[in-house]
Amino acid sequence: MSSELLRYVLRRVIQLVLVIFVAVSVNFLIPRLLPGDPVATSLARLQTAGGGTAIDIEAISRTYSERYGLDQPLFTQYLNYWADLLRLDLGVSFANFPEQVTTMILRALPWSVGLLGAATLFSFVVGSWLGARLAWPGAGRVIRTVVPGMMVLAAVPFYLLAIILVYIFAVELRWFPPAGGVQTTTIMRFDWPTIRDILHHAVLPFAAISLGNIGFWALGMRSQTVSVLGEDYITFAEAKGLSPHRVFFWYGIRNAFLPQITALALSLGAVVSGAILVEVIFNYPGLGTLLYTAIRGQDYYVIQGVVLVLIVTLAVMLFIVDLIYPLLDPRIRR
Amino acid sequence: MMADAVLSVEDLIVQYDTASGPARAVDRVSFTLGQGERLGLIGESGSGKTTMGTALMRLTRAPGRIVGGRVMLGGTDIMALSQRDLRAVRLRDIAMIPQGAMSSLNPVLRIRVQIEDAIHAHEGRLPKPEMAARIATLLTRVGLDPVVADRFPHELSGGMKQRTVMAIATALSPKVIVADEPTSALDVVVQRQVMQTLGRLQSGLGAAVVLIGHDMGLIAQFADTVGVMYAGRLVEIGPVAQMIAAPRHPYTRLLIDSLPGIDAKRRLTGIPGLPPRLTDMPPGCAFAPRCPLATASCTASIPALQTVASGHRAACHLYPGLPALPPLTAKAAP
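As they're listed, the protein sequences go chains A and B. Once you know that position 156 of the first sequence is 156 in the numbering used here, the rest is easy, because the numbers rise by one and skip nothing. Once you know that position 185 of the second sequence is 519 in the numbering used here, the rest is easy, because the numbers rise by one and skip nothing.
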């Protein structure tokens with residue numbers, strides 16, 4: 001049994017390493033397959049912006065190419081890329097020269113992880129619970145009214161919901177700030193006013209992501225629970241004289257929950273990409289806004305860096321889900 | 335009513351509310367069960383056997399509804415119990431071996447937990463060694479190795495799962511066991527072993543058994559008394575030998591005649607026609623449209639169960655006019 005489990009874990013680790021390897025390679029290749037020279041492009045843009053100053057474009061271009069190693073053969077560049085990556089060096093931003101991409105990402109990451117992690121986890125847990133309650137006999141009137149409404153919200157894209165929320169709660173009612181992660185005047189410290197300010201700013205983006213998601217998870221959980229309800233082991237559990245609480249959690253939810261976890265793994269990508277737009281709308285200082293600004297400014301290294309972080313995060317999340325799954329479903333342990 | 339009846343069912347009515355009107359799956363069924371008696375209930379698919387089995391423990395689920403009748407277990411009316419008292423009665427006084435015994439075990443819990451659950455619900459927490467010893471005894475009693483306790487259901491064979499379910503059902507030495515086609519998914523060899531185990535358990539515990547099934551051969555071997563159900567009604571009930579040798583209801587006769595024999599290769603004889611739809615019952619006797627002996631009175635009123643011999647009752651208008659069932663000639667095709 002335990003050697004079987006060990007083999008399972010080992011296989012997932014190898015899988016994770018492979019996924020990250022492929023992701024890094026593709027992330028390296030794609031920008032280089034694009035036509036055009038990023039150095040020349042950005043210099044040309046600089047030149048147009050700066051007016052007709054006579055500078056030796058060729059010389060500067062060569063210096064930069066040398067500096068970024070773009071004059072080397074592709075394979076050497078690839079090896080260098082890996083070497084840099086292992087030193088956590090993702091290059092330098094063009095737009096905010098000479099700021100390191102790693103620094104920018106590390107600054108944005110906590111915001112995104114905090115917002116997305118909390119919103120996803122919250123909506124997953126609450127949505128699943130509501131869906132299960134809705135399907136179980138004896139659901140209260142509140143659940144039977146609220147949850148179907150949530151399911152309707154699930155059909156509305158995150159960013160539309162975000163715009164509606166901003167209009168109602170920030171523009172009309174002025175309960176919450178319309179944008180930003182924190183008041184510009186707040187000095188970031190680990191104290192209550194700072195935390196309160198952060199939470200106050202997070203409410204609307206959090207709601208934009210959660211509202212739709214809760215309905216989504218409730219929908220999935222309801223149909224799973226309905227099918228589990230028809231299983232013989234539920235009837236038998238009742239015939240054993242177990243309390244409704246015990247039957248609901250350990251025989252009902254415990255089984256209905258399994259496909260939800262698979263769905264969570266599958267939908268993480270969609271959650272992340274959907275949340276990017278929400279961050280942009282709220283001008284939230286997270287990865288989404290960083291990526292959006294970088295794309296608009298053609299800031300290649302930043303784009304590459306953020307995409308890499310997103311892919312690796314996803315791969316690690318899937319890895320974690322894979323590790324949790326056999327603990328919940330003994331039939332998967334091989 | 336017998337003086338020592340452990341279970342007596344009076345005019346039990348279970349109804350399914352369907353789009354095309356109420357369907358009475360169990361229609362005024364009454365019978366009594368003495369201590370240690372083995373009652374076999376037989377009928378075609380859809381005759382209401384399983385519905386009745388679940389109604390005996392008040393496990394009927396929507397859209398099913400128990401609309402009338404009483405189920406007296408010893409001195410208590412199951413229909414009048416509060417939910418809490420009902421749970422206490424389940425398993426302790428009346429236990430069920432459900433139809434899909436193969437799927438009656440929760441796939442994500444170890445067998446040990448599923449047995450413990452049952453005992454906890456009725457006796458509270460027991461000291462660990464005591465519980466372990468109890469579980470080992472229960473498993474040994476049904477012919478299983480005690481190590482099975484630490485397995486998950488998917489690691490067991492069909493026969494082992496069936497035995498496990500029987501071990502759980504008999505964990506608290508119930509007075510009545512409702513076994514709903516306990517062997518339906520097993521091959522004949524395992525079927526025989528399981529039936530022998532059930533018989534041994536039954537005589538060991540002195541419990542009364544309601545064995546529900548469609549296999550006349552199996553039921554005849556096991557039961558003392560046989561009841562025949564047709565379209566939700568109990569049409570005949572009597573001692574097994576008498577029922578086989580001299581059935582009084584034409585339906586029982588045809589059912590016995592349609593049993594395939596293994597030595598004499600003969601054409602399989604079925605019963606012409608189909609059972610009536612429960613939402614569209616014929617007036618009078620439900621079997622009249624298919625009965626070769628049907629007369630005008632059969633479509634006029636529903637025959638009541640009447641005693642035709644000692645301990646033998648049948649619901650047919652032929653009695654008391656006739657001393658026994660006349661030979662059946664196939665009804666001419668209309």
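Here a beta-carbon is modelled for each residue, glycine too, at the ideal position from N, C-alpha and C.
Which partner residues of residue i appear in the DSSP bridge assignment?
i, result
"residue 643 (chain B)", "B:646"
"residue 570 (chain B)", "B:562, B:648"
"residue 400 (chain B)", "B:348"
"residue 356 (chain B)", "B:351"
"residue 543 (chain B)", "B:372, B:511"
"residue 365 (chain B)", "B:343"
"residue 100 (chain A)", "A:92"
"residue 424 (chain B)", "B:428"
Grab the span of the alpha helix (DSSP H) containing residue i for me, first residue to last.
i, result
"residue 533 (chain B)", "522 to 539"
"residue 305 (chain A)", "300 to 328"
"residue 240 (chain A)", "Neither: residue 240 (chain A) is in no alpha helix (DSSP H) and is coded neither H nor E."
"residue 504 (chain B)", "Unbroken run through residue 504 (chain B): none, as it is neither H nor E."
"residue 228 (chain A)", "192 to 229"
"residue 122 (chain A)", "118 to 135"
"residue 179 (chain A)", "Unbroken run through residue 179 (chain A): none, as it is neither H nor E."
"residue 21 (chain A)", "2 to 33"
"residue 486 (chain B)", "Premise fails: residue 486 (chain B) is in no alpha helix (DSSP H) and is neither H nor E."
"residue 590 (chain B)", "584 to 591"
"residue 340 (chain A)", "In the structure displayed, chain A extends from 1 to 334; residue 340 (chain A) sits before or after that span and is not available."
"residue 76 (chain A)", "74 to 86"
"residue 553 (chain B)", "550 to 556"
Determine the DSSP secondary structure at residue i, reduced to helix, strand or coil.
i, result
"residue 576 (chain B)", "helix"
"residue 445 (chain B)", "helix"
"residue 417 (chain B)", "helix"
"residue 379 (chain B)", "coil"
"residue 405 (chain B)", "strand"
"residue 411 (chain B)", "strand"
"residue 638 (chain B)", "coil"
"residue 339 (chain B)", "strand"
"residue 668 (chain B)", "Residue confidence is low: residue 668 (chain B) scores 39 on pLDDT, short of 50, so the model does not pin down where it sits. Its coordinate-derived value is still stated next. Residue 668 (chain B): coil per DSSP, three-state reduction."
"residue 353 (chain A)", "With chain A covering only 1 through 334, there is no way to say anything about residue 353 (chain A)."
"residue 438 (chain B)", "coil"
"residue 463 (chain B)", "helix"
"residue 653 (chain B)", "coil"
"residue 605 (chain B)", "coil"
"residue 612 (chain B)", "coil"
"residue 151 (chain A)", "helix"
"residue 480 (chain B)", "helix"
"residue 621 (chain B)", "coil"
"residue 138 (chain A)", "coil"
"residue 392 (chain B)", "coil"
"residue 71 (chain A)", "coil"
"residue 629 (chain B)", "coil"
Starting from residue i, trace the beta strand (DSSP E) both ways and give me its first and last residue.
i, result
"residue 431 (chain B)", "428 to 431"
Give a single yes or no on whether residue i has its beta carbon closer than 7 Å to a heavy atom of the ligand FMN.
i, result
"residue 642 (chain B)", "This structure lacks the ligand FMN, and indeed carries no ligand of any kind."
Review point. Mind listing which residues of the stretch 510 to 526 of chain B have their C-beta closer than 9 Å to chain A's C-betas, in chain order?
Key: 512
Practice item. Output, in sequence order along the chain, the residues in the stretch 233 to 255 of chain A whose CB is closer than 9 Å to any CB in chain B. Key: 233, 234, 235, 236, 237, 238, 239, 240, 241, 242, 243, 244, 246, 250, 251, 254, 255
Review point. If contact means a Cβ-Cβ distance below 9 Å, which residues of the stretch 432 to 447 of chain B contact chain A?
Key: 432, 433, 434, 435, 436, 437, 438, 439, 440, 441, 442, 443, 444, 447
Practice item. Below 9 Å between beta carbons is the criterion; list the residues of the stretch 114 to 144 of chain A that meet it against any residue of chain B, in chain order. Key: 137
**Study point:** Uninterrupted alpha helix (DSSP H) stretches inside the stretch 246 to 294 of chain A (no shorter than 4 residues)
**Key:** 254 to 281
Review point. According to a CB-to-CB cut-off of less than 9 Å, which residues of the stretch 469 to 493 of chain B neighbour chain A?
Key: 486, 487, 488, 489
Point to revise | Interface residues of the stretch 380 to 401 of chain B facing chain A [CB-CB below 8 Å] | key: 388, 391, 393, 395, 396
**Study point:** Where the stretch 544 to 562 of chain B meets chain A: residues whose CB sits under 8 Å from a CB there
**Key:** none
Review point. Using a beta-carbon distance cut-off of less than 9 Å, what residues from the stretch 254 to 278 of chain A approach chain B?
Key: 254, 255, 258
**Study point:** Residues in the stretch 412 to 423 of chain B having any Cβ partner in chain A nearer than 7 Å
**Key:** 421, 422
Exercise for review: With 9 Å as the limit, tell me which residues of the stretch 312 to 332 of chain A have their beta carbon closer than that to any beta carbon of chain B; keep them in chain order.
Suggested key: 328, 329, 330, 331
**Study point:** Where the stretch 450 to 467 of chain B meets chain A: residues whose CB sits under 7 Å from a CB there
**Key:** 451, 452, 455, 456
Check your understanding: Quick one, which residues of the stretch 580 to 596 of chain B are near chain A if we go by CB-CB under 8 Å, in chain order?
Key -> none
Point to revise | chain B contacts from the stretch 163 to 181 of chain A (Cβ-Cβ distance under 7 Å) | key: none
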